[in-house]
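With full-length UniProt numbering, the residue at position 103 of the sequence shown is 103, and numbering never jumps. A virtual CB, placed ideally from N, CA and C, is assigned to each residue, including glycine. Notes follow the structure.
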Amino acid sequence: MKRTSIFLKSWVLVTFLTVTIMTLMYIGHAIISVNSIEDTYTKLLQEKITAYKDTVMTNPEVYLTQAETAQSLDPELSYFIKIGDQSRFVVQNPDLQGQSEPLLENILANDEILDAIDSNVDDFSRITIEDEENNPLLLMVFVHTFELQGQAGMLVINYELDEFQAYELNAKSITLLLLTVYLMGTIVYYQYLIRNVAEPLEVMTDIAFKYSRNDFSKRITFESYDEISGLGTAMNKLGKTLQATTLMNREERELLNHLFDSLPAGILYFDQNFHLKLVNGPGQEFLDFWRRVDPDAEAKAIPHQFKEMVQHAFTTTAGSEADLSWSQRHYNVKVTPVIQTDLQKTAGVLIVLQDVTNERQLDIIRGDFITNVSHDLRTPLQMIKGYSEAIIDNIAESNAEKIEMAQIILDETTEMNKMVNNLLDLSRMQAGYIELNRQTVDLATFFNHLAGRFENSFKEAAIQFSYELDDGIKTYPFDEEKMNQVFYNLTDNAVRYSAEIGTRRQKFIHITVRLEDMLDKVVFEISDNGIGIQAESLPFIFERFYKNDKSRTYSKQKGTGIGLSIVKTIVEAHDGEIEVHSEPGVGTTFLARFPFHAS
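Structure follows, in structure tokens:
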């Protein structure tokens, strides 16, 4: 909506009205002056006519019979005297001497004069009559009735006001001219103010409001060079400066937002009323996690685990740090008060949440690894040492016993060598030193060979092994040796963590190879109905040295915890991805997805 500059237009209108009022006052003063002059002139003229009347009335018969006696009087005066049946009309103005009779008729026919004659009262009248050429003639007429020697008399004196009429006309003309000039000047001045002051200021005001809304698309143009244009030039420079500053601030703000969102730590900012004012991505993830694990989260403004830390920051303006845990998740929490320097009070509290769950888990895994490796190495080493000493001391009585002891030493050495090689292979692969020898592999032959390797294990654990291939997927290009390692590890885990005999009607391990059309992926799925994996362990099973359910001590679950790490590394080297779904007491499914190759 376009704004209206009421102040500016009102100011211009007031200026216009002021000039108009001053003009009208001047004209009124001029009119009053003219009227004052007219009154003075009329008064003097009436005194002159009265004196003339007094002179005539001293001897009216002389002025009736001797016209030359009037020559000593004012030449502008004319009179008509009548006594009884005798009358005389004396016109002294040379311009009117040829019009005496018509002039007299017009005077005596005037209604005001007739009323004055009938009233028998001395009276002055201003009348306008027409001369022979129909030109208006302004006269001052005095009527005096009297009685002389029983005869009625009448004296009518008139004075031509042509000079005063000319003066009055000139005064009115000048006044009208001045009024016209003043009005025209005022209108021109009003238009000038509107065009050169009000409108430019209104435009500049509109542009200033646009600047306040970060709209710098408009600039002020000028048709003249004055103070207003100088102000406009300053506003244009201001607009350019604001535009540059706004752009720089926006870039800095966007950079800060990107940095803020890219921080690995969660950032939460709460005001004094515990209202959340600012949060980044990891911080929002924490809040979502907190609302999932805390059924009363919706009724709380802030997690109670660090509410005391926040209140302490508001009370003491001092920060604090603590390690807190939520449902198997671990966080390092730092609370820092934000102080308003000018008011010397805490405006809010900044909370930095560092998720240290993985670090804590890795610490545990490393500790477990040292324990496991120490145990896995110590046991075979003790056996090797014991049987070696038995052979040296000739405890074995026969060659068969010596061969049996030597075989045990060889088996334990082979197992230790396998464990060390696995560790070296994993380190080498995770360091990027992995070469793939891709070949088109017949999947039926591949899985039949896998089943043959575990034939005895399947019989001992009473596990039914099967596989199923989609009609369109009979072969796949991969490194057969390394994929053998993948499926050997997965199958070995399924066997070692199978359910106890008698707890299932039929234990199984089933492999399915299928095509996901929407994702254009080939899925290798290996499922079992074993003991399953706890939910809290699922995020960590692909970590090195991690072992699920550390309370198990069954010999069939012996391992170093690096098998699944090797599986994940090999799958990713084939441009694939792997995930796991499991439910304790029901079973586990591993899904490995690889790109589909139409060939």
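In this structure, the CA atom of Asp206 is about 28 Å from the CA atom of Glu252. According to the DSSP assignment, Thr246 belongs to the alpha helix (DSSP H) that extends over Glu227 to Ser262. CA-CA distance, Ile403 to Pro380, rounds to 17 Å.
According to the DSSP assignment, Tyr497 belongs to no alpha helix (DSSP H), since it is labelled neither H nor E. Annotation for Leu426: Ile562, Ser565 and Ile566 place their beta carbon closer than 6 Å to its own, counting only its chain and skipping 5 residues before and after. The C-alpha of Asn135 lies about 22 Å from the C-alpha of Phe142. In this structure, Phe596 sits near Val522, with a CB-CB distance shorter than 8 Å.
Inclusion of Phe314 and Pro337 in the CB contact set at 8 Å is warranted, their separation being smaller than that value. By the neighbour-count criterion, in which a residue is buried when 16 or more other Cβ atoms sit within 10 angstroms of its Cβ, Asp528 is buried.
Looking at the DSSP output, Thr475 shares a beta bridge with Asp442.
One thing to note: Ala461 has its Cβ no nearer than 8 Å to the Cβ of Val513.
Check the Cα spacing between Leu490 and each of Gly530, Ala396, Ile339 and Thr503: the tightest is with Gly530. In the three-state DSSP reduction, Ala322 falls in the strand class (E or B). DSSP places Tyr211 in the uninterrupted alpha helix (DSSP H) bounded by Glu199 to Ser212. Linking Gln151 to Tyr52 through their CA atoms gives a straight-line distance of about 22 Å. Under a 10 Å Cβ-count criterion, Met518 is classified as exposed, with fewer than 16 other Cβ atoms of the shown protein chains found around its own Cβ. Secondary structure at Ala265: coil, using DSSP grouped into helix, strand and coil. When the five nearest sequence neighbours on each side are left out, the beta carbons in the same chain lying within less than 8 Å of the beta carbon of Phe454 are those of Phe465, Thr491, Asp492 and Val495, in order along the chain.
By the CB criterion at 8 Å, Phe487 and His574 fall outside the cutoff. Judged by DSSP in its simplified three-state form, Pro595 adopts strand. The C-alpha of Gln534 lies about 11 Å from the C-alpha of Gly587.
Setting aside the 5 residues that flank it on each side, Phe216 is surrounded in the same chain by Gly239 and Gln243, each with a C-beta closer than 6 Å to its C-beta; the list follows chain order. Inclusion of Met235 and Ala208 in the CB contact set at 8 Å is warranted, their separation being smaller than that value. For Ile351, the closest C-alpha among the options Ala109, Met57, Gln382 and Met309 is that of Met309.
Asp355 is the residue among His312, Asp355 and Val279 whose C-alpha sits nearest the C-alpha of Ser327. Below 8 Å, enough C-beta pairs join the stretch 405-418 and the stretch 378-396 to call them touching: three or more. Contiguous alpha helix (DSSP H) elements confined to the stretch 353-406 occur at 357-392, taking only those with 4 or more residues. Leu256 places its beta carbon 8 Å or farther from that of Asn280.
If the five residues before and after Glu415 are omitted, its C-beta is found closer than 7 Å to the C-beta atoms of Pro380, all from its own chain and listed in chain order.
Between the C-alpha atoms of Leu177 and Arg126 there is a straight-line separation of about 27 Å. For Arg292, the enclosing alpha helix (DSSP H) covers residues Gly281 to Val293. Contact check for Met204 and Ile220: beta-carbon distance about 6 Å, within the 8 Å limit, so the pair qualifies. Taken through DSSP and simplified to helix, strand or coil, Arg88 comes out as strand. Scanning its chain for C-beta atoms nearer than 6 Å, with the 5 sequence neighbours on each side dropped, one finds around His330 the residues Val356, Thr357 and Arg360, in chain order. Thr589 sits close to Glu525, with the two beta carbons spaced by under 8 Å. If you draw a straight line from the Cα of Leu179 to the Cα of Asn120, it is about 45 Å long.
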